[in-house]
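Q: Submitted below is the structure of interest, expressed as structure tokens.
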Amino acid sequence: MRVLCVMNGPIVGHGSVRRFNQHTGRFLFELADRVQELCVAGGLADLGESGSLSDLDLGEDSRLSVSAFPWRLESPMRRVLSYVRALPWVVRETRRADALYVFLPGHLPLFFVWAARALGRPYGLYLRGELHLQTARTRHALRGARFVIATTPLLAEHAARFCSATEVVTPMLDLRSEDIQGDRAIRATEPWRLLFVGRVETAKGVFELLSAVETLRARGIRLELEVAGGGEGLERARRKSGDWARFHGLVSDRSALAALFRSADLFVLPTHHEGFPRVLYEAMVHGVPVLTTFVGGIPSVMRDGENCLRIPVGDPAELADTIARALSDAALRRRLVQGGAETMRQILDPRRPSHAAQAAKRLLA
């Protein structure tokens, strides 16, 4: 059986090399083992030798091939022309497949859905990130799917209105149950260390976090902020902050990122919109108390007062008060750490089927 797996993120390439991040690569290898022949399709982003977290080279494997279409995204016109030029490639790859497994959201994946429906090829959908289910294009894709696998219970609940064969996926993570640090020591002395991991941009709430830290420091609370991530707001954030903030840029070394989590007293994610960010899983595994907004799919996993504290969107004053509350109450932070550990034990339970096992079972059926 030949399965075409359509990615909604870029396939990182440099010359003839095609790279994926570790958890995606493991998923692809396992899925290829289960379905006999797998082709991975997606847009090609030539990022050179660096600049990406994608560091797993698929190498030479007869069970797994990659078909990547080069994008020209420098301007809106080139973007449109790239989509037009991709249409024959989409039809050709769809025609060669016995079944498709399509990652949504994304414009290119929807092209493959339309081609699959036109050519009579069965397909399943993998829903992750923020998906606007109310759009006609997405409803069309869901109604024609043989099955849907979603990253959060909330997303699965919405998708089930259009496709009854819907289930929640075991997350693809570079984490194991034995990594969980539920008994980590809770510090009780200043200076406190806050951690943010993600793109440095307005939509992630970084600038509300910087304002909150300034407010707390003005109250006499000694705080340090570690920021791991790149983005268009990085230089602006550097100018806005003082020597109490350290900006590490994109941290692709997993051991270095783990060290940042281990040294943090609080993990703060004031994001304005999300699907479900993996950094929340990482913070809970590393035993860091979490403060987060409840946007997108976050409420389907996070519970205010149990495994996190809820913070409002776009309110630096309330964010400062919530940070101060958490830092002043060691028992509360210990409860959040233990709640996060229990959440991750359930999610990383080795008895749960993997994403590849779930997808292969549906595809082969």
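In terms of our numbering, the sequence shown opens at residue 1288 and continues consecutively.
All C-beta atoms, glycine included, are put in the ideal place defined by N, C-alpha and C.
Predicted model only: the values in this text are computed from it and were never measured.
#1: What's the C-alpha gap between residue 1580 and residue 1499?
#2: Under 8 Å, with one C-beta from each stretch per pair, do the region 1549 to 1557 and the region 1526 to 1535 reach the 3-pair mark?
#3: Can you check whether the CB of residue 1439 is closer than 7 Å to the CB of residue 1563?
#4: Which whole runs of the beta strand (DSSP E) in the region 1555 to 1640 are 3 residues long or more, in chain order?
#5: Does DSSP classify residue 1431 as helix, strand or coil?
#6: Leaving out five residues before and five after residue 1486 in sequence, what residues of the same chain have Cβ atoms less than 6 Å from its Cβ?
#7: Are residue 1566 and residue 1399 closer than 7 Å when you measure CB to CB?
#8: Hey, out of 1425, 1375 and 1495, whose CA is closest to residue 1415's CA?
#9: Counting only the same chain and skipping the five closest in sequence on each side, list residues whose C-beta sits under 6 Å from that of residue 1534.
#10: If you run the structure through DSSP and keep just helix, strand and coil, what is residue 1514?
#11: Please name the residue or residues paired with residue 1329 in a DSSP beta bridge.
#12: To which residues does DSSP link residue 1479 through a beta bridge?
#13: Relative to the alpha-carbon of residue 1557, which residue among 1457, 1592, 1493 and 1590 has its alpha-carbon at the smallest distance?
#14: Would you call the region 1496 to 1510 and the region 1594 to 1612 touching, i.e. three or more CB-CB distances under 8 Å?
#15: Along the chain, where does the alpha helix (DSSP H) containing residue 1521 start, and where does it finish?
#16: What is the residue span of the beta strand (DSSP E) that residue 1536 lies within?
#17: Could you check the C-alpha separation between residue 1461 and residue 1392 for me, to the nearest Å?
#18: Which two residues bound the contiguous alpha helix (DSSP H) that contains residue 1311?
A: With the given structure in hand:
#1: By one-based count along the sequence shown, residue 1580 stands at place 293. By one-based count along the sequence shown, residue 1499 stands at place 212. Rounded to whole angstroms, residue 1580 to residue 1499 spans 15 Å at the Cα level.
#2: no
#3: Within the sequence shown, the letter at position 276 stands for residue 1563. Within the sequence shown, the letter at position 152 stands for residue 1439. Yes, the pair counts as a contact, with Cβ atoms nearer than the cut-off.
#4: 1577 to 1579
#5: Reading the sequence shown from its first residue, position 144 is the one you call residue 1431. Correct three-state label for residue 1431: helix.
#6: On the sequence shown, residue 1486 is found 199 positions in, with the first residue counted as 1. Counting only Cβ-Cβ distances below 6 Å, and skipping sequence neighbours, we find 1516 and 1518.
#7: Within the sequence shown, the letter at position 279 stands for residue 1566. Within the sequence shown, the letter at position 112 stands for residue 1399. Contact flag unset, no.
#8: Looking up residue 1415 in the sequence shown gives position 128. It is 1425.
#9: As a first step, residue 1534 is located in the sequence shown; it is residue number 247 there, counting from the start. Counting only Cβ-Cβ distances below 6 Å, and skipping sequence neighbours, we find 1514 and 1525.
#10: In the sequence shown, counting from the first residue as 1, residue 1514 sits at position 227. DSSP places residue 1514 in strand when its eight states are reduced to three.
#11: Numbered from 1 along the sequence shown, position 42 holds the residue referred to as residue 1329. Bridge partners of residue 1329: 1355.
#12: Locating residue 1479 in the sequence shown gives position 192, counting from the first residue. Bridge partners of residue 1479: 1510.
#13: Start at 1 with the first residue of the sequence shown, and residue 1557 comes out as number 270. The residue with the shortest Cα to Cα distance from residue 1557 is 1493.
#14: yes
#15: Against the sequence shown, residue 1521 aligns to sequence position 234. Element bounds for residue 1521: 1521 to 1527.
#16: Sequence index remark: in the sequence shown, residue 1536 carries index 249 (1-based). Segment 1532 to 1536, the beta strand (DSSP E) holding residue 1536.
#17: In the sequence shown, the residue the question calls residue 1461 occupies position 174. In the sequence shown, the residue the question calls residue 1392 occupies position 105. Going by the C-alpha atoms only, they are around 22 Å apart.
#18: Looking up residue 1311 in the sequence shown gives position 24. Element bounds for residue 1311: 1309 to 1322.
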